[in-house]
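Asker: Here you go, one structure.
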Amino acid sequence: MKIGIIGSGYVGLVTGACFAHLGHQVLCVDNDVKKIEMLKRGKSPIYEPGLESMLKENIRRKRLSFATKVDRATRQCEILFICVNTPPKMNGEADLSFVENVSREIARNLKDYRLIVEKSTVPVQTGEWIHKTIKQIQASESLFDVASNPEFLREGSAIHDFLNPDRVILGVSNARAEKILRKLYAPLKANLVVTDLKSAEIIKHASNSFLATKISFINAVARVCDATGADINNVALGMGLDPRIGPSFLNAGIGFGGFCFPKDLSAFLRMSERLGVRFDMLKEALTINDEQKKYFIQKIENTIWNLTDKTLAVLGLSFKPNTDDIRYAPAIDIIRELQHEKVKIRAYDPEAMTRAKQELRDVKFCRNAYETVRNADALLLMTEWDEFVDLDYKRIKKLMRHPVLFDGRNALNPAEMRKIGFKYCGIGRG
37 MKIGIIGSGY VGLVTGACFA HLGHQVLCVD NDVKKIEMLK RGKSPIYEPG
87 LESMLKENIR RKRLSFATKV DRATRQCEIL FICVNTPPKM NGEADLSFVE
137 NVSREIARNL KDYRLIVEKS TVPVQTGEWI HKTIKQIQAS ESLFDVASNP
187 EFLREGSAIH DFLNPDRVIL GVSNARAEKI LRKLYAPLKA NLVVTDLKSA
237 EIIKHASNSF LATKISFINA VARVCDATGA DINNVALGMG LDPRIGPSFL
287 NAGIGFGGFC FPKDLSAFLR MSERLGVRFD MLKEALTIND EQKKYFIQKI
337 ENTIWNLTDK TLAVLGLSFK PNTDDIRYAP AIDIIRELQH EKVKIRAYDP
387 EAMTRAKQEL RDVKFCRNAY ETVRNADALL LMTEWDEFVD LDYKRIKKLM
437 RHPVLFDGRN ALNPAEMRKI GFKYCGIGRG
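Under the numbering used here, the first residue of the sequence shown carries the number 37, and numbering increases by one thereafter.
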């Protein structure tokens, strides 16, 4: 099948590469000329394990190509996926102006039937607005259908998630759209959940909001553990063995980040308020997440006393391992708050350094973890990269001015760290 991917960011690029991998003809579109030129050379503008090699392979096989104009995709492709950015407005609502602009561009170039699919995370009723927008320009409804196919890709394992989905949601309004999407996803032999358009849109926001709330819940429990001497890892283990709860997203730490959870939680809350539905649980989940970063900073201050002129080594800048994404990353927010206290920051991340340098000032970016910790008054582990878990911590201790370790992801064994000689401080470890 011929597929157009409009928007070549984290979602669009992985989606396009994976569809090409499945044998479809894919055209990825983006208005960023430099990005498209880079992609034509087989270079990925983002770090995602396995993505660059998949891009090169499918470019070589002539199943994947790139362009800067939506009209080309509209002319050539039967299915058009809208994967553009939906950034938050100041009030937390999703900014859908990019979605509207793409819809208008598609409508202006519509000559033959096209299935237009929402892939970006959008509020419920967006599909109706896309339909209305196109119909204003292109009166013939026989030329198009609008569907919703939300993505559930985790950065760092996005290719695996696409090719091995636990479910594929197809929000459609008629049998024609359903037939096309069933054919498209047939190679995956996935569990297809066919719904109406609005239900599909809500499934995405509800899923992300629930997972974010689960993280905030376990972080609040972790504070209770710190206050009482209990161990949150033991508590999470005991909870997670209950099949009604499950172990996923019960890892206490410095809070959730990335572009999806904070944005989608806020958007779902604002949408609910607009519809007259009180959803205070979502508001509290956001509050707990913001407080968790302050809680971590307070732990640092309570342990090393005055922060002014102290040198802190930060390992990890991305919001999670195996990505270079620093959007809403807790590490970035924590560094900025510490800098207000005149703390000297030395930092290292395996993949996120280039992006972090664009966001942070007065930070000493180092070549590796060992250089980062040299003469530091404390070490802050912010992202649980395997590289950091496997460090030689005996060597780390010798390099530091004071062997104080703040494990913001509970990635290390407290007993082992204390045996080496560290003063270890985790989240909810008692």
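For every residue, glycine included, the Cβ atom is placed at its ideal position computed from N, Cα and C.
Could you give the residue range of the beta strand (DSSP E) that holds Asp443?
Answerer: Per DSSP, Asp443 belongs to the beta strand (DSSP E) from 440–443.
Asker: Is there a C-beta anywhere in chain C that falls below 9 Å from the one on Lys319?
Answerer: Protein chains in the displayed structure number just one, and chain C is not present.
Asker: Using C-beta distances below 7 Å, list every residue in its chain close to Gln328, excluding the 5 sequence neighbours before and after it, in chain order.
Answerer: Here the set comprises Asn255, Ile290, Gly291.
Asker: Assess, as a yes-or-no matter, whether the region 381–393 is touched by the region 315–324 under the definition of 3 or more beta carbon pairs within less than 8 Å.
Answerer: No contact exists between the region 315–324 and the region 381–393.
Asker: Exposed or buried, Trp421, counting other C-beta atoms within 10 Å across all chains shown (16 or more means buried)?
Answerer: Buried: at least 16 other Cβ atoms inside 10 Å.
Asker: Take Asp413 as the anchor and find which of Phe458, Ala451, Arg397 has the nearest alpha-carbon.
Answerer: Measuring from the Cα of Asp413, the nearest candidate turns out to be Phe458.
Asker: Fully enclosed by the region 107–179, which beta strand (DSSP E) runs are 3 residues long or longer?
Answerer: List check, beta strand (DSSP E) in window: 115–118, 150–154.
Asker: Classify Thr339: buried if its beta carbon has 16 or more other beta carbons within 10 angstroms, exposed otherwise.
Answerer: Its Cβ having fewer than 16 others within 10 Å, Thr339 is exposed.
Asker: What are the boundary residues of the alpha helix (DSSP H) that includes Arg372?
Answerer: 366–376 is the span of the alpha helix (DSSP H), which, as asked, contains Arg372.
Asker: What are the complete alpha helix (DSSP H) segments, minimum 4 residues, inside the region 233–277?
Answerer: Listed in chain order, they are 233–264, 268–276.
Asker: Whose C-alpha, out of Asn411, Asp443, Arg445, is nearest the C-alpha of Met436?
Answerer: Comparing Cα-Cα distances from Met436 to each of Asn411, Asp443, Arg445, the minimum goes to Asn411.
Asker: What is the rounded straight-line gap between the Cα of Ile381 and the Cα of Asp398?
Answerer: Straight-line Cα distance between these residues: approximately 8 Å.
Asker: With burial defined as no fewer than 16 other Cβ atoms inside 10 Å of the residue's Cβ, what is the status of Glu452: buried or exposed?
Answerer: Its Cβ having fewer than 16 others within 10 Å, Glu452 is exposed.
Asker: The beta strand (DSSP E) spanning Val350 covers which residue range?
Answerer: 347–351 is the span of the beta strand (DSSP E), which, as asked, contains Val350.
Asker: Reducing DSSP to helix, strand and coil, say where Thr231 ends up.
Answerer: Looking at Thr231 - three-state DSSP - the assignment turns out to be strand.
Asker: Just how far apart, CA to CA, sit Ser156 and Gly163?
Answerer: Their Cα atoms are separated by approximately 11 Å.
Asker: If you compare alpha carbons, which of Ile336, Tyr384, Asn127, Ser252 is closest to Tyr460?
Answerer: Here the closest residue by C-alpha is Ile336.
Asker: Please report the residue range of the alpha helix (DSSP H) in which Ser89 lies.
Answerer: Here the alpha helix (DSSP H) through Ser89 covers 87–96.
Asker: Would you identify the three-state DSSP class for Lys299, choosing helix, strand or coil?
Answerer: In the structure shown, Lys299 sits in a helix (DSSP, three-state: H, G or I).
Asker: From the DSSP output, which residues share a beta bridge with Tyr429?
Answerer: Tyr429 pairs with nothing; no bridge assigned.
Asker: Distance, Cα to Cα, Lys378 vs Gly444?
Answerer: Straight-line Cα distance between these residues: approximately 21 Å.
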